[in-house]
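Top to bottom, those sequences are chains B and U.
For the first sequence, the numbering used here gives the first residue as 673, with consecutive numbering after it.
For the second sequence, the numbering used here gives the first residue as 673, with consecutive numbering after it.
Number of protein chains: 2
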Amino acid sequence: MPRDGSKARARLRAAALDLYRERGYDETTTAQIAARAEVSERTYFRHFADKREVLFDGEAELRAILVDAVAAAPDGLAPLQVMVRAFSAAVPLIVANRSVAEQRAEVIAVTPALQERAYAKTAGLTDVLEAALSARGVTRPTARLAAQVGMAAFERASRAWAGDPEVDLAALIARAADEVLTLGGT
Amino acid sequence: MPRDGSKARARLRAAALDLYRERGYDETTTAQIAARAEVSERTYFRHFADKREVLFDGEAELRAILVDAVAAAPDGLAPLQVMVRAFSAAVPLIVANRSVAEQRAEVIAVTPALQERAYAKTAGLTDVLEAALSARGVTRPTARLAAQVGMAAFERASRAWAGDPEVDLAALIARAADEVLTLGGT
DNA sequence: CCACGTAGCGACAGTCACTGACGCTATCAG
DNA sequence: CTGATAGCGTCAGTGACTGTCGCTACGTGG
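Set out below in structure tokens:
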């Protein structure tokens with residue numbers, strides 16, 4: 673295993689986050705990111721597909737946790753409850769990454785281009801969840817619906833948690849899922 | 673009001689859709705689109721913010737219908753039922769645009785860059801729906817949740833309708849909303 | 001019928017994200 | 001010590017997008 677690029681990759685991640693926060697996404701060039709990470713611009717593009725991807729580098733880990741949790745859920749559990757379990761399984765990871773996630777969120781919040789990528793990322797996660805539910809025997813269209821509704825509940829819980837990180841995120845997720853079922857009235 | 677750009681704009685829309693279908697999104701340049709529409713490349717960018725936007729030009733109309741329908745819904749209706757009404761109000765527009773929407777969908781389906789933009793567009797719609805629900809007195813977080821769940825139900829209905837355009841889309845929407853409420857089990 | 005103001009347009013130059021190709025080098029297995 | 005390989009730098013190139021400037025088509029007021 674010649675040369676370990678993970679160091680450079682980590683430096684690029686940090687450099688990009690810093691620069692995006694300092695002067696904004698649009699005002700920083702990939703050349704500047706590369707320079708701060710002390711690599712060539714070409715190397716940046718060897719590690720990340722484009723200027724946006726740097727900010728979304730941890731996704732695979734989350735994805736794996738969600739898929740495993742769906743697969744491990746007991747048989748006969750209702751789809752939405754499976755989603756609650758899956759997202760609850762990811763809570764430790766989310767809590768651990770909270771401070772970095774906050775900084776990322778600040779940048780994304782003021783950058784349409786990054787919001788677009790963020791939407792695509794969550795869409796990718798719902799695709800994976802849909803497939804995982806489908807593997808459990810849930811019909812495709814229903815699996816997709818459940819994945820999206822579960823994701824919506826998770827987002828609702830995440831936002832509440834962001835405003836008050838003291839409460840248990842897992843509890844908020846369960847509560848948000850319950851709230852979904854009250855949306856139809858009576 | 674000197675010069676009416678709407679003609680050129682329409683030609684650009686048609687030219688882009690044609691080219692994207694003929695040779696694919698990545699393989700067509702904005703210069704080619706402009707050339708086929710018989711305008712300069714600069715004019716393309718006066719009408720559309722970027723290479724993707726050409727394909728998403730009708731959105732404002734849909735947005736207006738949804739907002740109006742939410743505002744016009746009777747008081748005391750449950751949030752999810754309001755969503756069903758809103759999307760049902762948009763059915764005529766959707767049916768009318770079906771053939772063009774199909775062509776667009778084909779291109780989007782094979783182009784990640786366009787999928788990303790499509791996600792952003794639906795996110796924009798849910799934002800608007802959230803605001804409209806909020807204006808009816810629904811709490812912000814609940815409004816957002818309802819908007820997202822409603823959008824998920826609408827997508828589920830749309831997909832079913834795409835596979836069988838004979839059935840009534842409005843009925844599918846109502847059914848999808850009901851299905852959401854069964855996702856939690858018992 | 002004629003200035004005249006305005007919105008759209010073309011032309012041009014420039015920046016920057018991103019890609020392909022080539023050759024080099026650090027590192028590890030043998 | 002040597003060879004294989006993954007990561008890297010350099011260079012050249014394409015194409016999306018922007019700012020600027022001057023022009024022109026067209027409806028309006030005289």
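No residue lacks a Cβ here, since even glycine has one placed at the ideal position from N, Cα and C.
The structure displayed is predicted, hence computed values, not measured ones.
Here DSSP, grouped into helix, strand and coil, assigns G835 (chain U) to helix. Scanning U:V711, U:V756, U:A744 for the CA closest to the CA of A680 (chain U) turns up U:V711. Within the segment 682 to 704 of chain B, no residue has a Cβ lying closer than 9 Å to any Cβ of chain U.
At least 9 Å separates the CB of G730 (chain U) from every CB of chain B. Counting only runs of 4 or more residues that sit fully inside the segment 761 to 792 of chain U, the alpha helix (DSSP H) segments are 763 to 768, 770 to 781, in chain order. Taking 9 Å as the threshold, the shortest C-beta distance from P813 (chain B) to chain U falls below it.
Distance between M755 (chain B) and A706 (chain B), taken at the CA atoms: about 39 Å. Between A761 (chain B) and R812 (chain U), the alpha-carbon positions lie close to 27 Å from each other. G822 (chain B) counts as buried, since no fewer than 16 other beta carbons sit within 10 angstroms of its beta carbon. Taking 8 Å as the upper bound on Cβ-Cβ separation, chain B lies near no residue of the segment 707 to 737 of chain U.
Think of a sphere of 7 Å around the beta carbon of E838 (chain B): no beta carbon from chain U falls inside it, the nearest being about 17 Å out. Annotation: Cβ neighbours of P751 (chain B) in chain U (cutoff 7 Å, chain order): L855. The beta carbon of K723 (chain U) sits closer than 6 Å to the beta carbons of T702 from its chain, once the five residues preceding and following it are set aside; these are given in chain order. When the beta-carbon positions are compared, L689 (chain B) and Q775 (chain B) come within less than 9 Å of each other. Counting along the chain, D740 (chain B) sits inside the alpha helix (DSSP H) bounded by residues 731 to 744. Annotated three-state conformation of F826 (chain U) is helix, per DSSP. Under the 9 Å criterion on CB atoms, P746 (chain U) is classed as non-interfacial with respect to chain B. Taking K793 (chain B) as the centre and dropping the five residues before and after it, the same chain places the C-beta of F728, E731 closer than 7 Å to its C-beta, in chain order. Cβ contact annotation for R708 (chain U) (same chain, cutoff 6 Å, sequence separation greater than five): A687, in chain order. Between the segment 841 to 848 of chain U and the segment 817 to 831 of chain U there are three or more inter-stretch CB-CB distances shorter than 8 Å, so the stretches are counted as touching.
For A795 (chain B), the nearest CB of chain U lies under 9 Å from its own CB, placing it at the interface with that chain. Under the three-state reduction of DSSP output, R695 (chain B) falls in the helix class. Under a criterion of Cβ atoms nearer than 9 Å, the residues of chain B adjacent to E788 (chain U) are, in order, E788, R789, Y791, A792, A795. Residues of chain U whose Cβ lies closer than 9 Å to the Cβ of R831 (chain B) are, in chain order, P813, R816. At least one beta carbon of chain B lies nearer than 9 Å to the beta carbon of T858 (chain U).
Distances from the alpha-carbon of T700 (chain B) to those of B:R675, B:S678, B:L734, B:V726 put B:V726 closest. Contact annotation: R735 (chain B) and G796 (chain B) have beta-carbon atoms nearer than 9 Å. In this model, A745 (chain B) and A790 (chain B) are separated by some 27 Å (Cα to Cα).
A807 (chain B) is outside the set of residues whose beta carbon lies under 9 Å from a beta carbon in chain U.
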